[in-house]
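Asks:
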Amino acid sequence: MTVREVTAEAGSDQTRPGGAAPRRRRLPLRTRLRRDWQLLAMVAPGFVILLIFSYLPILGNVIAFQDYNPYVGSNPLDAFVQSNWIGFGQFQLLFADPAFWHAFRNTLAITAFQLVFFFPLPILLAIVLHSLLSSRLRGFIQTVVYLPHFFSWVLVVSFFVAMLGGAGLLAQTMREAGMEPWNVMTNPDTFIILVTAEAVWKDVGWGTIVFLAALSTIDQNLYEAAAADGAGRWRRLWHITLPGLRPVIVLLLILRLGDALSVGFEQFLLQRDAVGRQASEVLDTFVYHFSIATGNYGYGAAAGLFKAAVGLCLILAANKVAHMLGERGIYSRS
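Start counting the sequence shown at 50; every next residue gets the next number (the working numbering).
(1) Where do the N-terminal and C-terminal ends of the alpha helix (DSSP H) with V92 fall, by residue?
(2) Which residue wins for smallest C-alpha separation from Q269, given the options S207, Q191, S180 and N368?
(3) Distance check for G360 and L388, CA to CA, integer angstroms please.
(4) Output yes if chain D places a C-beta closer than 7 Å to the C-beta of M373; else output no.
(5) Given this structure, state the Cα-to-Cα distance separating N133 from Y117, to the nearest angstrom.
(6) Expressed to the nearest angstrom, what Euclidean distance is found between the alpha-carbon atoms of W283 and L174?
(7) Compute the distance between the beta-carbons of I289 and I159, then report whether it is under 7 Å.
(8) Just to confirm the assignment, what range does the alpha helix (DSSP H) spanning W250 have?
(9) In chain order, what residues of the same chain lie with their CB nearer than 6 Å to the CB of W202, ignoring the 5 residues before and after it?
(10) Given V55, which residues of its chain have a CB within under 6 Å of its CB, disregarding the five upstream and five downstream residues?
(11) Report the option in L170, A93, T235 and S123 whose CA atom is closest to the CA atom of L319.
(12) Reducing DSSP to helix, strand and coil, say where D322 ends up.
(13) Can you tell me whether E330 is buried or exposed, with buried defined as 16 or more other CB within 10 angstroms of its CB?
(14) Whole angstroms are fine: how far does the CA of M212 sit from the CA of L219?
(15) Going by C-alpha to C-alpha distance, which of R154, F129 and N124 sits closest to L108?
(16) Can you give me the Cβ contacts of A148 inside the same chain, cut-off strictly under 8 Å, excluding the 5 residues immediately before and after it?
(17) Exposed or buried, which one is T257 when buried takes at least 16 other CB atoms within 10 Å?
(18) Between the region 353-373 and the region 294-307, can you find at least three pairs of beta-carbon atoms closer than 8 Å?
(19) For W202, report the span of its alpha helix (DSSP H) as first-last.
(20) Is it right to say N155 is buried, meaning 16 or more other beta carbons lie within 10 angstroms of its own, or is it exposed?
(21) By DSSP, does W134 sit in helix, in strand, or in coil?
(22) Buried or exposed: which applies to I303, given that a residue is buried once 16 or more other Cβ atoms fall within 10 Å of its Cβ?
(23) Check this for me: beta carbons of A113 and L354, under 7 Å apart or not?
(24) Going by DSSP, which residues form a beta bridge with Q115?
(25) With respect to the alpha helix (DSSP H) encompassing M223, which residues constitute its N-terminal and C-terminal limits?
(26) Using CA atoms only, rank isn't needed, just tell me which of Q139, F162, P237 and R75 is closest to A350.
(27) How about E376 and V312: do their beta carbons lie closer than 7 Å?
(28) For T343, which three-state DSSP category applies?
(29) If L294 sits next to A152, beta carbons under 8 Å apart, how far is it from one beta carbon to the other, in whole angstroms?
(30) Are R245 and F166 touching if we call contact CB-CB under 7 Å?
(31) Determine the DSSP secondary structure at M234, reduced to helix, strand or coil.
(32) Under 7 Å, do L178 and R187 count as touching if we go by C-beta distance?
(33) Would you mind stating whether F260 and I172 have Cβ atoms separated by less than 7 Å?
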């Protein structure tokens with residue numbers, strides 16, 4: 050066989066119909082483990098924590114279909130096995146409970162309010178910080194607005210009580226001025242505004258991190274070319290900055306909708322006595338008071354499973370809408 054024939058045969062083996070490139074040979078698992086063992090060792094602790102605290106507890110959802118009694122048997126496994134199966138009985142009781150639907154409506158109202166008045170604020174703050182020319186001023190503002198994120202909700206609520214409570218700074222100042230102090234911390238009608246303000250003060254700075262990272266990936270040549278063409282600051286913001294942030298905004302919005310029924314627990318539990326159950330009861334506090342505090346764990350598991358199912362439906366629906374608008378969303382089939 051000549052050299053030309055050998056070359057032609059090799060080319061015919063590598064060429065596929067339609068001009069497709071040859072498929073890459075997949076390395077054996079042992080070779081890939083030996084090659085990437087450093088990366089695997091780095092993510093192993095996080096994977097173990099995620100497995101123990103996020104995935105293994107999913108098995109506990111089985112008690113939503115049981116009349117679960119933790120005192121049956123000598124260990125938790127015996128309690129699972131020996132508790133009576135009642136099918137969807139817990140869900141029937143849950144859906145017939147007016148307190149559950151009240152907590153559900155409160156949760157949806159607070160989520161919708163915070164989506165409108167809280168979700169856009171980290172975007173605006175990130176744009177403002179990104180536009181600052183002084184790196185020292187930018188770093189100082191970032192440090193100040195990031196710091197409250199690391200405070201516990203006990204400290205945050207205590208701070209607002211000291212500022213806006215009946216004996217707080219605002220009330221004392223208004224009394225000294227001869228005015229009637231505002232009833233802020235104990236007013237059920239304005240409770241939704243209060244908890245949103247607390248969430249803004251605590252987490253608005255932390256929420257800017259992702260948006261600042263997205264802003265740093267936008268090509269600066271686009272701004273220079275737009276400025277050379279006579280585009281002002283607002284037109285550059287509308288046609289360059291916001292389109293560059295749109296994929297991240299859509300992604301975080303989808304994730305927020307998936308977590309729509311989890312508006313918080315500790316924040317509302319701490320202020321429940323001050324404003325009353327009618328204003329502060331959400332699904333997380335409902336599960337605590339009507340399940341954990343009473344020992345009816347199957348009832349709480351049914352509420353939690355319902356909340357997870359609604360969150361999954363919201364994620365799928367929002368991701369579908371994102372695909373219709375031309376965005377990738379959180380996953381894509383292509």
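Virtual Cβ for every residue (Gly too), placed ideally from N, Cα, C. For clarity, every value in this text was computed on a predicted model and none was experimentally measured.
Replies: Taking the structure as given:
(1) Numbered from its first residue, the sequence shown carries residue 92 at position 43. Counting along the chain, the alpha helix (DSSP H) containing V92 begins and ends at W86 to L99.
(2) Here residue 269 is taken as the residue at index 220 of the sequence shown, counted from 1. Checked all of S207, Q191, S180 and N368; the closest Cα to Q269 is S180.
(3) Nothing about residue 388 can be read from this structure; the chain reaches only from 50 to 383.
(4) Protein chain content of the structure displayed is limited to a single chain, and chain D is not contained in it.
(5) Locating residue 133 in the sequence shown gives position 84, counting from the first residue. Locating residue 117 in the sequence shown gives position 68, counting from the first residue. Roughly 7 Å separates the two Cα atoms.
(6) Sequence index remark: in the sequence shown, residue 283 carries index 234 (1-based). Sequence index remark: in the sequence shown, residue 174 carries index 125 (1-based). When rounded, the distance between both Cα atoms is 16 Å.
(7) In the sequence shown, residue 289 corresponds to position 240, counting from 1. In the sequence shown, residue 159 corresponds to position 110, counting from 1. In this structure, I159 does not lie closer than 7 Å to I289 by Cβ.
(8) Mapped onto the sequence shown, residue 250 falls at position 201. For W250, the enclosing alpha helix (DSSP H) starts and ends at F240 to S265.
(9) Numbered from its first residue, the sequence shown carries residue 202 at position 153. Cβ within range, chain order: E315 and Q316.
(10) For the purposes of this step, residue 55 is taken as the residue at position 6 of the sequence shown. Because the pLDDT of V55 is 39, which lies under 50, any placement of that residue in the model is unreliable, and the number read from its coordinates should be weighed accordingly. Counting only Cβ-Cβ distances below 6 Å, and skipping sequence neighbours, we find nothing.
(11) Along the sequence shown, one-based indexing puts residue 319 at 270. It is T235 whose Cα lies nearest to the Cα of L319.
(12) Against the sequence shown, residue 322 aligns to sequence position 273. The DSSP-derived three-state label of D322 is helix.
(13) Locating residue 330 in the sequence shown gives position 281, where the first residue counts as 1. Under a 10 Å Cβ-count criterion, E330 is classified as buried, with 16 or more other Cβ atoms of the shown protein chains found around its own Cβ.
(14) Position 170 of the sequence shown holds residue 219. Position 163 of the sequence shown holds residue 212. Computed Cα separation, rounded: 6 Å.
(15) Taking the first residue of the sequence shown as position 1, residue 108 is located at position 59. The candidate whose alpha carbon is nearest that of L108 is F129.
(16) On the sequence shown, position 99 is the one that residue 148 refers to. Hits under 8 Å: E330, F335 and F339.
(17) Within the sequence shown, residue 257 is the residue found at index 208, counting from 1. Buried, since its Cβ has 16 or more Cβ neighbours within 10 Å.
(18) Yes: at least three Cβ pairs fall under 8 Å.
(19) Counted from its first residue, the sequence shown places residue 202 at position 153. Its alpha helix (DSSP H) spans residues W202 to L213.
(20) Along the sequence shown, one-based indexing puts residue 155 at 106. So N155 ends up on the buried side.
(21) Translated into the one-based positions of the sequence shown, residue 134 becomes position 85. Looking at W134 - three-state DSSP - the assignment turns out to be strand.
(22) The residue you call residue 303 lines up with position 254 of the sequence shown. The residue is buried, with at least 16 neighbouring Cβ atoms inside 10 Å.
(23) Sequence index remark: in the sequence shown, residue 113 carries index 64 (1-based). Sequence index remark: in the sequence shown, residue 354 carries index 305 (1-based). Here A113 is near L354, since their CB atoms are less than 7 Å apart.
(24) Sequence index remark: in the sequence shown, residue 115 carries index 66 (1-based). W134.
(25) As a position in the sequence shown, residue 223 is number 174, starting the count at 1. M223: member of the alpha helix (DSSP H) spanning L218 to E225, first to last residue.
(26) Within the sequence shown, the letter at position 301 stands for residue 350. Relative to the Cα of A350, the nearest Cα in the group Q139, F162, P237 and R75 belongs to Q139.
(27) Locating residue 376 in the sequence shown gives position 327, where the first residue counts as 1. Locating residue 312 in the sequence shown gives position 263, where the first residue counts as 1. Contact: no.
(28) On the sequence shown, position 294 is the one that residue 343 refers to. Three-state result, T343: coil.
(29) Residue mapping note: residue 294 aligns to position 245 of the sequence shown, counting from 1. Residue mapping note: residue 152 aligns to position 103 of the sequence shown, counting from 1. So it is not a contact: roughly 34 Å between Cβ atoms.
(30) Start at 1 with the first residue of the sequence shown, and residue 245 comes out as number 196. Start at 1 with the first residue of the sequence shown, and residue 166 comes out as number 117. The residue you asked about is not Arg; residue 245 is Thr in the sequence shown. Contact flag set, yes.
(31) Numbered from its first residue, the sequence shown carries residue 234 at position 185. DSSP places M234 in coil when its eight states are reduced to three.
(32) Numbered from its first residue, the sequence shown carries residue 178 at position 129. Numbered from its first residue, the sequence shown carries residue 187 at position 138. Closer than 7 Å, so yes.
(33) Looking up residue 260 in the sequence shown gives position 211. Looking up residue 172 in the sequence shown gives position 123. Pairing F260 with I172 gives a Cβ-Cβ distance under 7 Å.
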